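To convert, count from 1 in the sequence shown and add 94; that's the working numbering.
All C-beta atoms, glycine included, are put in the ideal place defined by N, C-alpha and C.
Just so it is clear, the structure is predicted and the values come from calculations on it, not from any experiment.
To start, the structure under review is shown below, and the notes come after it.
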Amino acid sequence: MHLAYADLHVMTELHSTGKWESLATLYFSTLAAGRDIALRHRGSGQWYFGLPASCPIAGRGWPADAVMKGGRVIHLRPCLESRPEWLVISDPDAWEALTYCWHSPLQQKLALTKAGHPVSSELGICALARSQPTKLLSEAASQAFWDIPKAALVWFGKYHGLDVSTSTSLMELLKALVLHILPKTTDARLAGILSLRLRNFDIHDDILASDECSDLIHDKDKQVYEKARQDMDAHEVERSTYLNELVALKRAKAKKAPPIKSASGRRFPSSFPGGSLTSEEARLYIPEGTRIYRDDVNGRWQCTHSLYGRRLTKSFAYMLHGFENACKLCTQACWLEVCQFHGRQPDICPVQNLFAPGGETGSKPEGSQPSSSASRDG
């Protein structure tokens, strides 16, 4: 049904403007589905929050009111009385975009109080501008084109005269597009932009992949379930291939890899201990950019990081792995994520026995005592 409405809207707009030649470039409408972007036509003051859309020739946007100060966009507020609108983008140079992050009423109240400004009793949710308006295509390139499908990226490349095809790897395709659209991009910034693409790969769903889940699926849904598993496996292969190419690129470009710091701000202990650890004690062994905590309520160790621009988590259950081993696996996961992000090998880890197969654990940090209570700081 949405596709029919989108087609009708596109045909109506092209008929009213008479620009039927624009039909050949409507693939640019997929840019409206970028993560956390607001966009507007350069000839209009109306902003829109970009929304996902199932139609490749028309994007979706929720109208927003912009609050300006000194010619700069400070924040955007959704027009709650409005409804999503179709956005037809045939010329990306005629559109501009900015990135934003949502701010709750409580966050706004704290910020206003800290700045000494009066606080309204009718604060609603708003989006704080994280950048200022720039060309839509430039914003998309700086964000590794979010999770826009490869087919659309190939079309973008051919439109710009690049020698790309469906056989071109996702890594090479993105490199070519980014360097063409942002020609002054340095090697370091290119590696950083390409890393952002990893934030859009979904983490492998262990529940969907399990045999137990398969046993619970009704017979009439088996075909849909199998297709979902195949799509998930293909997605994981694409992520793994992209990650390997990104790591190889970073290793080739790195002149001298910077040292990895401790999340605790202190020197890493020389060996991983045995026994019961608290969250604070476990934090001594993980690298900067990651977090770890012990969750006794749910019986697991959990680690998180936001290296790729969004929060990703991984956990290991006491019942499945054992308490001590779950903690060690969680610590290893932190190191593996950081090493992959920086294009380095886990053997740089200064905690000597962390990755040793069957290695003996050392003693706990001096002054530490086992704790039976959960220390949570998620």
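Own chain partners of residue i with C-beta closer than 8 angstroms, once the 5 adjacent residues on each side are dropped
i, result
"THR490", "In the structure displayed, the chain extends from 95 to 472; residue 490 sits before or after that span and is not available."
"LEU256", "ALA270, LEU271, HIS274"
"LEU414", "ALA420"
Cβ shell of residue i (< 6 angstroms), same chain only, five flanking positions each side left out
i, result
"SER356", "PHE362"
"LYS408", "CYS397, ALA427"
"THR193", "ASP130, ILE131, ARG224, SER225"
Terminal residues of the alpha helix (DSSP H) in which residue i lies
i, result
"THR207", "199-209"
"SER528", "Only positions 95 to 472 of the chain appear in the structure, and residue 528 is not among them; the question remains open."
"LEU264", "264-275"
Among the options, the one whose alpha carbon lies nearest that of residue i
i, options, result
"LYS252", "ASP241, LEU268, TRP240, GLN237", "LEU268"
"VAL331", "LEU288, ARG388, LEU264", "LEU264"
"PHE239", "PRO172, ARG224, SER289, ALA205", "SER289"
"LEU217", "ARG394, PRO150, HIS197", "HIS197"
"GLU266", "THR335, ARG177, GLY153, ASP389", "THR335"
"GLU190", "GLY155, CYS149, LEU120, ARG136", "ARG136"
"TYR412", "GLN324, ASP389, PRO440", "ASP389"
Chain B within 8 angstroms of residue i, Cβ atoms only
i, result
"ARG154", "Absent here is chain B; the protein component of the structure consists of one chain."
Cβ neighbour criterion (16 or more within 10 Å) applied to residue i
i, result
"ILE131", "buried"
"ILE297", "Legend: pLDDT at ILE297 = 47, less than 50; position of this residue unreliable, value from coordinates given subsequently. It counts as exposed."
"TRP114", "exposed"
"GLU175", "exposed"
"ARG394", "buried"
"HIS399", "buried"
"LEU204", "exposed"
"SER467", "For SER467, the predicted structure reports a pLDDT of 34, less than 50, and the residue's modelled location is therefore unreliable. The matter cannot be settled from this model."
"HIS211", "exposed"
"ILE151", "buried"
Segment limits, beta strand (DSSP E) that includes residue i
i, result
"GLY155", "153-163"
"ARG171", "166-172"
Same chain, Cβ closer than 7 angstroms to residue i, five either side skipped, listed in chain order
i, result
"GLN446", "SER364, SER365"
"PHE410", "ARG394, TRP395, ALA420, LEU423, CYS424"
"ARG166", "GLN226"
"ARG360", "LEU378"
Exercise for the section: State whether the segment 277-295 contacts the segment 226-233, with contact taken as three or more CB pairs (one from each stretch) at a distance under 8 angstroms. Expected result: no
Practice task
Specify whether the segment 413-430 and the segment 372-383 touch according to this definition: at least 3 beta carbon pairs, one from each stretch, less than 8 angstroms apart.
Solution key: yes
Handout entry: Given 8 angstroms, three or more beta-carbon pairs between the segment 170-184 and the segment 196-213
Key = no
Exercise for the section: Examine the Cβ distances between the segment 118-126 and the segment 137-154 and report whether three or more of them are shorter than 8 angstroms. Expected result: Using a C-beta cut-off of 8 angstroms, the segment 118-126 makes contact with the segment 137-154, since at least three inter-stretch Cβ pairs fall below that distance.
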